[in-house]
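Each remark here refers to the structure printed beneath this line.
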Amino acid sequence: MTFEITVDGRPVPALPGQTVGAALHAAGIRAWRTTRFGGRPRGLFCGIGVCFDCLVSVNGGPVERACLTEARPGDQVTTS
């Protein structure tokens, strides 16, 4: 029973219990932000909440780690 989240205006399918990071990875999105210095691509790195490479904002809230944030139907995710 999939549902959709919206990432930067683009629909992305997700499964119940799946994190935002896992949904992005499953959709083939491997990088969604860049480093401040050098502009290197970043996305999931550790996948367990130790690093801060997968930061996103969900529903206009503060940035949080996509690998720890459970996707919910209708979430509006923005990347930076």
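Take 1 as the starting number for the sequence shown in the UniProt record's numbering and just add one per residue.
We put the beta carbon where it would ideally sit given N, CA and C, even for glycine.
- Annotation for A66: V20, G21, C54 and V56 place their beta carbon closer than 6 Å to its own, counting only its chain and skipping 5 residues before and after.
- Excluding sequence positions up to five before and after R40, its CB lies within less than 7 Å of the CB of T34, all in the same chain and listed in chain order.
- In this model, E64 and E70 are separated by some 11 Å (Cα to Cα).
- Under the three-state reduction of DSSP, A14 is assigned to strand.
- Checking the DSSP bridge columns, you'll see T19 partnered with E70.
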